[in-house]
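Visitor: Here my numbering is used: the first residue of the sequence shown is 1145, the next is one more, and so on. Each residue gets a CB set at the ideal place from its N, CA and C atoms; glycine is no exception. Quick one: structure below, then a few questions.
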Amino acid sequence: MKVHILTIGDEILIGQTVDTNSAWMGEQLNLIGAEVVEITSVRDTEKAILGGLSHAKENADVVLITGGLGPTKDDITKKVVANYFGVNLRFDEPTYERIQRIFERMGRKTTENHRSQCMVPENATLLPNKMGTAPGMWFEENGKVFVSMPGVPYEMKYLMENEVIPRLKDQFPAFPIIHKTILTAGVGETFLAELVKDFEADLPENMSLAYLPSLGEVRLRLTGRGGDAKDLEAELEVKSRELYELVKPHVFGWGKAKLAEALGAICREKKLMIGTAESCTGGNVGHEITLIPGSSEYFNGGVISYSYELKTRLLGVRESTLSMYGAVSEETVQEMAIGALQALEVDVAVAISGIAGPGGGTDEKPVGTVWFAVANKNNIKTYKLQLGKDRDKNIAFSTNYAMFILYKFIQNNY
């Protein structure tokens, strides 16, 4: 089953509204083996909507439409869809009676606009919408299915879950699409692609590998399509394990887990307390860790030591170290990590010091230079990154990298 998602609304095109509907629909459709082949957004004009419908019909079995079903003048989807199918609009009395009951319960009266919301194309099968006033509409023409739904997210989700997906499953044969996602951090997609190039070249025709990068992380999504679902699951499990072994040093989890969640899970498993000593990230590592519910079980706290004085007073960094090597140095982050172990009374600590930018760099230490250290009472490891000149990106990347090296240190030492 090939699906085209068509969203209608000027507010999407001008950036006033973010289209979260399509992402959610794509995820749900994937679970039933449907393939979303394209997502299109068009303006609230008859010409644009007609063009979108004609284009969508050419490359999909199912066209899912959201938006433009409200009671106001700019909600023209029903009229345009009726024109597209060459039918008239009709007044649906049950829909109007339902709207009247809703407004009576609120102590309000319906308006003429609500009557207009009950005008529907003659060839539409109406889908009851218990979350709002506008019903969904199901159309069939020449083996193709068109579904029109409100753009309000909770209304669309109700219709998809209770009406649209059950009907699609009944009407179209199952075509399994299964994903296995490996979560990596600390290296880029180019590095990973080199590691797995032979594996990727030997994948069977029904499997594909996608690289999904974000700041400091890359998701490796292995996808299998077609055949018997159980056989496909077994084949994909074998291949995903092969892929895992190739990238194992850079892996922190599977599926949708967040890096901070993986760090929390391993801390709980090993019964460890952790802490942070941050300079250029300004407390961002501690912030990400404490976004996870229950993080107080394993996170004792952090020190934000931006100045030389606080590095010395709170973390015990020697003045001679700062004078000789500077704040952004291997020697300084080592002493910051050791100081954090003692000051925070934790089992493992991570320290970060760098030049986030856009200013402050030198020829010897340009903007984007970041040093890290992870330590426990028996061992200490240091790392250096050379990032770019964008301050926000440098802080975000360094935050993720700090959590990743902390995760790996625990995994390798406990």
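Please confirm whether Asn-1165 and Thr-1239 have their CB atoms less than 8 Å apart.
Guide: The answer is no: Cβ separation not under 8 Å.
Visitor: For Leu-1208, report the span of its alpha helix (DSSP H) as first-last.
Guide: No alpha helix (DSSP H) holds Leu-1208; the beta strand (DSSP E) holding it covers 1206 to 1210.
Visitor: Let's see if you can read the secondary structure: which residues bound the beta strand (DSSP E) around Arg-1234?
Guide: 1233 to 1235 is the extent of the beta strand (DSSP E) around Arg-1234.
Visitor: Taking the straight line between their C-alpha atoms, what separation do you get for Val-1308 and Glu-1379?
Guide: The alpha-carbon atoms of Val-1308 and Glu-1379 are separated by roughly 31 Å.
Visitor: By the 10 Å Cβ neighbour count, where 16 or more other Cβ atoms means buried, how is Leu-1303 classified, buried or exposed?
Guide: The residue is buried, with at least 16 neighbouring Cβ atoms inside 10 Å.
Visitor: Going by beta carbon distance, what residues of the same chain come within less than 7 Å of Ile-1193, once the five residues before and after it are set aside?
Guide: Cβ neighbours of Ile-1193 beyond the five flanking positions: Ile-1152, Val-1186, Thr-1221, Val-1224.
Visitor: Determine the direct distance from the alpha carbon of Asp-1163 to that of Gly-1399, and round the result to whole angstroms.
Guide: Using only the alpha carbons, I get a separation of about 23 Å.
Visitor: Am I right that Ile-1499 and Cys-1424 are in contact with their C-beta atoms under 8 Å? What's the rounded C-beta distance?
Guide: With 8 Å as the limit, Ile-1499 and Cys-1424 qualify as a contact, their Cβ atoms being about 7 Å apart.
Visitor: Which first and last residues belong to the alpha helix (DSSP H) in which Lys-1414 is found?
Guide: From DSSP, the alpha helix (DSSP H) with Lys-1414 extends over 1403 to 1414.
Visitor: By how many angstroms is the C-alpha of Val-1296 removed from the C-alpha of Glu-1475?
Guide: If you take the alpha carbons of Glu-1475 and Val-1296, they lie about 55 Å apart.
Visitor: Would you mind sorting Pro-1393 into buried or exposed? The rule is 16 or more other CB atoms within 10 Å of its CB.
Guide: Pro-1393 is exposed by the Cβ-count criterion.
Visitor: Considering Ser-1473, what are the terminal residues of the alpha helix (DSSP H) in which it resides?
Guide: Neither: Ser-1473 is in no alpha helix (DSSP H) and is coded neither H nor E.
Visitor: Straight-line CA distance for Asn-1227 to Asn-1428?
Guide: Taking the straight line joining both Cα atoms gives about 54 Å.
Visitor: Distance check for Ile-1322 and Glu-1389, CA to CA, integer angstroms please.
Guide: So the two alpha carbons sit approximately 20 Å from each other.
Visitor: At which residues does the alpha helix (DSSP H) containing Met-1547 begin and terminate?
Guide: Run containing Met-1547: 1535 to 1557, per the alpha helix (DSSP H) assignment.
Visitor: Given that a residue counts as buried once 16 or more other Cβ atoms are within 10 Å of its Cβ, and exposed if not, what is Arg-1451?
Guide: The amino acid at residue 1451 is misidentified as Arg; the sequence shows Ser. The residue in question, Ser-1451, is exposed, as its Cβ has fewer than 16 Cβ neighbours within 10 Å.
Visitor: In angstroms, rounded to a whole number, what distance separates the CA positions of Ala-1337 and Val-1207?
Guide: Cα to Cα, the separation comes out at about 35 Å.
Visitor: Would Thr-1513 be called buried (16 or more neighbouring beta carbons within 10 Å of its own) or exposed?
Guide: Classification for Thr-1513: buried.
Visitor: Below 8 Å between beta carbons: does that hold for Val-1492 and Leu-1550?
Guide: Their beta carbons are under 8 Å apart, which means Val-1492 touches Leu-1550 by this criterion.
Visitor: Using only the alpha-carbon positions, how far apart do Thr-1277 and Arg-1311 sit?
Guide: One C-alpha to the other measures close to 21 Å.
Visitor: Under three-state DSSP, which class holds Leu-1380?
Guide: Of the three classes helix, strand and coil, the one that applies to Leu-1380 here is helix, per DSSP.
Visitor: Please give me, in chain order, every unbroken run of the alpha helix (DSSP H) with length at least 4 that falls completely inside the stretch 1314 to 1346.
Guide: Counting only runs of 4 or more, we get 1333 to 1339, 1341 to 1345.
Visitor: Which residues does DSSP list as the beta-bridge partners of Trp-1282?
Guide: Trp-1282 is bridged to Thr-1269, Val-1291.
Visitor: Spell out the partners DSSP gives Val-1490 in its beta bridges.
Guide: Val-1490 pairs with nothing; no bridge assigned.
Visitor: Whose C-alpha, out of Ala-1471, Ile-1243, Gly-1368, Ala-1329, is nearest the C-alpha of Gly-1505?
Guide: Among Ala-1471, Ile-1243, Gly-1368, Ala-1329, the Cα nearest to that of Gly-1505 is on Ala-1471.
Visitor: Quick one: Cα of Arg-1412 to Cα of Ser-1198, how far?
Guide: Going from the Cα of Arg-1412 to the Cα of Ser-1198 covers about 55 Å.
Visitor: Would you check if there are 3 or more beta carbon pairs closer than 8 Å linking the stretch 1371 to 1385 to the stretch 1354 to 1363?
Guide: They do not touch, by the three-pair rule.
Visitor: For Val-1291, which residues in the same chain have their Cβ closer than 6 Å to its Cβ, ignoring the five residues on either side in sequence?
Guide: The residues are Leu-1208, Trp-1282, Val-1308.
Visitor: Which residues share a DSSP beta bridge with Glu-1179?
Guide: Note: Glu-1179 sits in a beta bridge opposite Lys-1146.
Visitor: Fully enclosed by the stretch 1438 to 1482, which beta strand (DSSP E) runs are 3 residues long or longer?
Guide: Taking only runs of at least 3 residues, the beta strand (DSSP E) segments lying wholly in the stretch 1438 to 1482 are 1443 to 1448.
Visitor: Among the candidates Ser-1440, Ala-1421, Leu-1454, Val-1391, whose CA atom is the shortest distance from the CA of Lys-1415?
Guide: If we check each option's Cα against that of Lys-1415, Ser-1440 comes out closest.
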